[in-house]
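Each residue of the sequence shown is one higher than the last, beginning at 5 in our numbering.
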Amino acid sequence: MFQGQIDFEAVTPVEASAIQDVLFERGLYWASGRSGLVDLVAAHKWFNLAALKGRADAIAMRREVAELMSEAEIAAAQRDARAWMTVH
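Structure (structure tokens):
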């Protein structure tokens with residue numbers, strides 16, 4: 005648990021592009037198997053969200069991942085992305 009002090013005077017705002025970068029990185033994480041497991045549904049979901057937030061190269065990555073997926077897997081990834089968007 006964090007037990008330090010936050011210096012609110014020195015805090016800088018997060019860049020608007022940061023969220024799309026984080027979402028894109030999550031897609032890469034699952035597509036590459038960095039965790040030891042390749043999860044194309046999760047990768048598609050995160051690339052989809054990054055694309056929705058404006059990360060242009062996420063569109064190509066989402067398309068590349070989708071070519072390896074069944075229609076049911078793509079539908080599951082899209083459902084997961086919509087669910088994430090309603091919460092965040």
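Where is the CB? At the ideal position from N, CA and C, for every residue including glycine. Note that the coordinates shown come from a computational prediction; the quantities given were computed from them, not determined experimentally.
Straight-line gap, residue i to residue j (C-alpha atoms, nearest Å)
i	j	result
Ile-78	Ala-22	26 angstroms
Ala-54	Ala-14	29 angstroms
Trp-67	Ala-60	According to the sequence as given, residue 67 is Arg; it is not Trp. Those two C-alpha atoms are separated by around 12 angstroms.
Arg-83	Glu-71	18 angstroms
Environment of residue i [buried if 16+ CB atoms lie within 10 Å]
i	result
Phe-12	exposed
Leu-44	buried
Arg-38	exposed
Leu-27	buried
Val-91	exposed
Ala-46	buried
Same chain only: Cβ atoms within 6 angstroms of residue i, ignoring 5 sequence neighbours per side
i	result
Asp-25	none
Trp-50	Leu-27, Arg-30 and Gly-31
Ala-85	Lys-49, Asn-52 and Leu-53
Gly-58	Gln-24
Residue j beta carbon less than 8 angstroms from that of residue i
i	j	result
Met-65	Gly-31	yes
Met-73	His-48	yes
Ala-80	Asn-52	no
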